[in-house]
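First the structure, in the form of C-alpha cells, and then the observations on it.
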Amino acid sequence: MLSHLLTASERRVFSSSFRFFRRFHYCTHKCEPLVEPQKIRYLRLNRNLPRRQFTSSTSSSKSEIESNQKPLSANATTEQDTKQPSKKLQLRSSDVKRLLGFAKSEQWNIAGGIGCLIISSAITMSVPFGLGKILDVIFAGSSGAGMAKEQLDQFCLLLGGIFLLGGLANFGRVYLFSNASLRITKDIRTKVYSSMLNQEAGWFDRKGTGELVNRLSSDTFLVGNSLSMNLSDGLRSTVMILAGTGMMVYTSPHLALVGTCIVPVVAGGAVVYGRYVRNITRELMDKYAEVMKVGEERLGNVKTVKVFCKERFEKQLFTEQLVDALNIGYRETKARATFYGMTGLSGNIIILSVLYYGGTMVNNAEMTIGALTSFILYAGYTAISIGGLSNFYTELNKGVGSASRLWEIIDRKYTIPIDGGIELTNQPAGQIQFRDVVFHYPSRPDAPILSGVNLTIEPGTTTAVVGRSGSGKSTLASLVLRLYDPAQGSVLLDGIDLRELNPTSLRRYIGAVNQEPVLFSGTIRENILYGLNMGEQISESRFERVVREAHVDEFVRSFPDGLNTLVGQRGVMLSGGQKQRVAIARAIIRNPKILILDEATSALDAVSEELIQNALERLTKNRTVLTIAHRLSTIRNATNIAVLADGRIVEHGNYDRLIATEGGVFRELVQRQTFSSTAIS
-15 MLSHLLTASE RRVFSSSFRF FRRFHYCTHK CEPLVEPQKI RYLRLNRNLP RRQFTSSTSS
45 SKSEIESNQK PLSANATTEQ DTKQPSKKLQ LRSSDVKRLL GFAKSEQWNI AGGIGCLIIS
105 SAITMSVPFG LGKILDVIFA GSSGAGMAKE QLDQFCLLLG GIFLLGGLAN FGRVYLFSNA
165 SLRITKDIRT KVYSSMLNQE AGWFDRKGTG ELVNRLSSDT FLVGNSLSMN LSDGLRSTVM
225 ILAGTGMMVY TSPHLALVGT CIVPVVAGGA VVYGRYVRNI TRELMDKYAE VMKVGEERLG
285 NVKTVKVFCK ERFEKQLFTE QLVDALNIGY RETKARATFY GMTGLSGNII ILSVLYYGGT
345 MVNNAEMTIG ALTSFILYAG YTAISIGGLS NFYTELNKGV GSASRLWEII DRKYTIPIDG
405 GIELTNQPAG QIQFRDVVFH YPSRPDAPIL SGVNLTIEPG TTTAVVGRSG SGKSTLASLV
465 LRLYDPAQGS VLLDGIDLRE LNPTSLRRYI GAVNQEPVLF SGTIRENILY GLNMGEQISE
525 SRFERVVREA HVDEFVRSFP DGLNTLVGQR GVMLSGGQKQ RVAIARAIIR NPKILILDEA
585 TSALDAVSEE LIQNALERLT KNRTVLTIAH RLSTIRNATN IAVLADGRIV EHGNYDRLIA
645 TEGGVFRELV QRQTFSSTAI S
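In C-alpha cells form, the structure reads like this:
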C-alpha cells in the first residue's frame, strides 16, 4: 500500500492513518511498518507459518527484510481538460468539400450507387404518370371496352417490368452505399487512431481515454454515415424533387405554382434548423465524451469503487452526467419536433390547396381525373422528398459537427514526431547528459518539476537517481525516452541533442521497466514479444533464455497454458510481481544498449527481488543503466548515485561516499529506511 512512498512520508501516513483503529490487518512486502504490530503471520506457498513476536522474527529473517519503496509517478496527477465552450460552427463549402474528401477512396462505388439511385428514382417518379394514364383509360372505358382492356393490359405489363428494374436498382443503391459506409468509417477510424498515436505524451495528459474512445467510435460513425447512406438519401431526395417539380409543371403549370409557393418557407426553416442542429450536435457529442470519460475511468478502477463502497455515489454521478446530456438532447428534440411539425403542416396545406384548385379544374373540364391524381402523387412525393432533403441537411450538419472534432486531432501538429531527424544506424555508446534541464508537465505549466538539472551518465555505467516522492526522478526517465522535451536546456546522447534524433531510432536502443508495469490483453508470450523492434525475429531458444533470466518461468509453470495464458485487460489476471517480471522480460528481449529501471522490483517479495536483482546485475553489464530507486538497499552497487531535491541534483557520488557525508540528504534518506541509525555505520 505504501510502496510508492519514501520512508519519511510513509511513516507519517502510517502513524496518522491507523492510530485511530484498535485492530487492523496489514499485508505487505515491506517489513519496516511492522515494528509496532505484536503479531506477524508469514504467508508462503499458501501456507500460514506460526505467529511470532516481531523481535524474534526479525532476528531469524533479517536477510529477507528489504525496503520496498516505489516512487510516485510524475504523471500520477491527471489534470482534467480545461472546459471550453463549444465553438459556433458555420457550414461552409470548404467544410463540405473536406468532409466529402473522406469519401474519395470510395468514389467509384459511390458513383455506381448514384447511377442506381438515378434509375430507381426515375422509375419511382414514373409511377404517378403511369397511374394517371391507367385511370384515364379506366374512366374512358365506357366508350370502348375492348380497346380499354387492351390498353390496361399493356400499361400494367410495362409498369411491372419497370418496377422489377427499379427493385434491382434500389438493391444496387443500398448495397453499394452501405459497403462504402463501412469502408469509409474504417478509413476514418484508422486515420484518427493513427493521428492519436502520433501525438506526444503531453497531449494524452490533457485528454481522457473516454473522450478519445468516444471520438473514435461515435464521431467517426456519424461522419461515415453522413458520407454514405445519408448522402444516398439526400441525392435521392434531390432527384425526386427535381423530377417531381418538373412533372408537376408538365402536368399543370397553374397547380404547380400553387404547390411551390410554400417551398421558400420550408427551405428557410431548414437552413435555420440545420445551423442550430450543427452546433447542438457538437455540444451533445462533447457531453457524451465527458460521460464516456467518467464511465471508462470508474469501470477501469471498479475495485477501488467497491473498496470504498462508492457504487451508489458513482451511479448518481453517472446519472447526473447522462441527465446533462439528456437536457441537451431535449433541446434538439424540441427543435426537431417544431421543424417537422411545420414541414408536415406545410405539406398538408399544399395537398389541400391542390385538391381544391384541381377539383375545380376537373369540374371545368380543364383537367382529367388521371392528370389530377398524377399531380397529387407528384406533389406527395415532392413533399416527402423535401422532408428527406431537410433530414439530409440536418444529418450533414451533424456530420460536420462531428468531423470538426476529428479535424482537431487530424490537424494537430504534434511537438514530438515519431519519425524524422538523425537516424541511428549503429548502436550508440550510451553516454547520457542532462544540461541545465528545466521541465514542467504540459498539463501543469505552473508547477516546475526540474529546475536546472546537470547530470552525466557515462557509457556502460549504472547511475541511480534517488529523492523524495515527487522530486522528478521518473521525469528524468521520460526525458531520456523523449516522451517529453525539456522547456529549457537539453538532453544529449553521445553528444547529440535528443531533439535532433529520430525518436523511433532512439527508442529502438532503449529498454524500460516502469514502476507500474502495463500489460495488454493477450498472452504472456505476446506481451514479452511486444518488446521486439518492428520486423525483428527471435529464436525460441533466445526467447526461453529471456524468460528464465526474468524468472517468468517460475510462475508460468503453475498455469495450464503456460506462456500462452491470457493476462486479461491491463494484466488483471496476474499479480503485481508477476506483471513486473513480464515487463522486465519485455524490456531485455530487445537487447537494449540503454536500460531504464523505474523501481523495477518494487512489486516483488524479498526472495523474488533477490533473484531478479542478481539477474539484472548480469544483464546490465556493458549497458548504460538509469535506475530510479526508493528502495536504497538495491543501489549499493551503482557506479554513481544522484540525489534529486528541489528540482536539482544536490549530491552525487558512490554509495560509500554519500553515506559517509554527515548531514547529507542521501544519508538522511538511508537513515529513515533503516530500523536504527546504527545500521549505516
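Quick note on numbering: the sequence shown equals residues -15 to 665 in the numbering used here.
Every residue gets a Cβ at the ideal spot worked out from N, C-alpha and C, and that includes glycine.
Exercise. Does DSSP put serine 435 in a helix, in a strand, or in coil?
Worked result: strand
Problem set entry | First and last residue of the uninterrupted alpha helix (DSSP H) at threonine 608 | Where threonine 608 is concerned, there is no enclosing alpha helix (DSSP H), although the beta strand (DSSP E) it sits in stretches over 608 to 612.
Problem set entry | Of the residues Arg607, Arg620, Ala613, Ser162, the one placed nearest alanine 413, counting alpha carbons only | Arg607
For this session: Please report the Cβ distance between isoleucine 596 and histidine 636, rounded to the nearest whole angstrom; I am assuming they are in contact, meaning their Cβ atoms lie under 8 Å.
Result: Their Cβ separation, rounded to whole angstroms, is 26 Å, which puts isoleucine 596 and histidine 636 out of contact at 8 Å.
Problem set entry | Euclidean distance between Cα positions of tyrosine 362 and proline 112 | 6 Å
Exercise. Does DSSP classify isoleucine 400 as helix, strand or coil?
Worked result: Residue state, collapsed to three classes: coil.
Exercise. From the DSSP output, which residues share a beta bridge with leucine 581?
Worked result: Val497, Thr611
Exercise. According to DSSP, is leucine 476 helix, strand or coil?
Worked result: strand
Problem set entry | Exposure of lysine 117, with buried meaning 16 or more beta-carbon neighbours within 10 Å | buried
For this session: Say whether the stretch 385 to 403 touches the stretch 148 to 164, bearing in mind that this needs 3 or more beta-carbon pairs closer than 8 Å, one atom from each stretch.
Result: no
Problem set entry | Backbone secondary structure at threonine 446 - three-state DSSP | strand
Exercise. Just the Cα atoms here: how many angstroms apart are serine 474 and asparagine 486?
Worked result: 16 Å
Exercise. Between the C-alpha atoms of arginine 396 and serine 104, what's the straight-line distance to the nearest angstrom?
Worked result: Whole-angstrom Cα-Cα distance: 43 Å.
Exercise. Skipping 5 residues on each side, what residues in its chain have a beta carbon closer than 7 Å to that of leucine 603?
Worked result: Glu533, Ile572
Exercise. Can you tell which of Met231, Val121, Ser202 has the C-alpha that lies nearest to the C-alpha of isoleucine 360?
Worked result: Met231
Exercise. Cβ of leucine 390 within 8 Å of Cβ of valine 176?
Worked result: yes
Exercise. Do the CB positions of arginine 173 and threonine 204 come within less than 8 Å of each other?
Worked result: yes
Exercise. What are the start and end residues of the beta strand (DSSP E) that includes isoleucine 633?
Worked result: 632 to 637
Exercise. Quick one, which of Arg466, Tyr514, Ala622, Ala240 has its alpha-carbon nearest tyrosine 341's?
Worked result: Ala240
Exercise. What is the DSSP secondary structure of valine 654, counted as helix, strand or coil?
Worked result: helix
Exercise. Just the Cα atoms here: how many angstroms apart are lysine 577 and valine 207?
Worked result: 45 Å
Problem set entry | Identity of the residues DSSP links to phenylalanine 423 by a beta bridge | Leu434
Exercise. Is leucine 119 helix, strand or coil by DSSP?
Worked result: helix
For this session: Out of Ala590, Met518, Asp537, point me to the one whose CA is closest to phenylalanine 527's CA.
Result: Asp537
For this session: Starting from valine 730, follow the beta strand (DSSP E) in both directions and report where the run begins and ends.
Result: Residue 730 is absent from the structure shown; the chain starts at -15 and stops at 665.
Exercise. Among Val422, Leu306, Glu442, Arg656, which residue has its Cα nearest to the Cα of tyrosine 468?
Worked result: Val422
For this session: Could you tell me if glutamate 652 is buried or exposed, where buried requires 16 or more neighbouring beta carbons within 10 angstroms of its beta carbon?
Result: exposed
Exercise. So is phenylalanine 504 buried or exposed if we call it buried at 16+ other beta carbons inside 10 Å?
Worked result: Result: exposed.
For this session: Measuring alpha carbon to alpha carbon, tell me which of Asn438, Gly436, Asp478, Gly451 ends up nearest lysine 444.
Result: The sequence shown places glycine at residue 444, rather than the lysine named in the question. Looking at the Cα atoms, Asp478 is the closest of the given residues.
Problem set entry | phenylalanine 418 - DSSP class collapsed to helix/strand/coil | strand
Exercise. Three or more beta-carbon pairs under 8 Å between the stretch 514 to 525 and the stretch 431 to 451, yes or no?
Worked result: no
For this session: Can you tell me which of the three DSSP states glycine 648 falls into?
Result: Of the three classes helix, strand and coil, the one that applies to glycine 648 here is coil, per DSSP.
For this session: Identify whether glycine 552 lies in helix, strand or coil by the three-state DSSP scheme.
Result: coil
Problem set entry | alanine 185 versus His424, Glu593, Val654, residue with shortest Cα-Cα distance | Nearest C-alpha to alanine 185: His424.
Exercise. Grouping DSSP H, G and I as helix and E and B as strand, with all else coil, what is threonine 174?
Worked result: Assignment of threonine 174 by DSSP, reduced to helix, strand and coil, places it in the helix class.
Problem set entry | Helix, strand or coil at glycine 451 according to DSSP, with G and I counted as helix | strand
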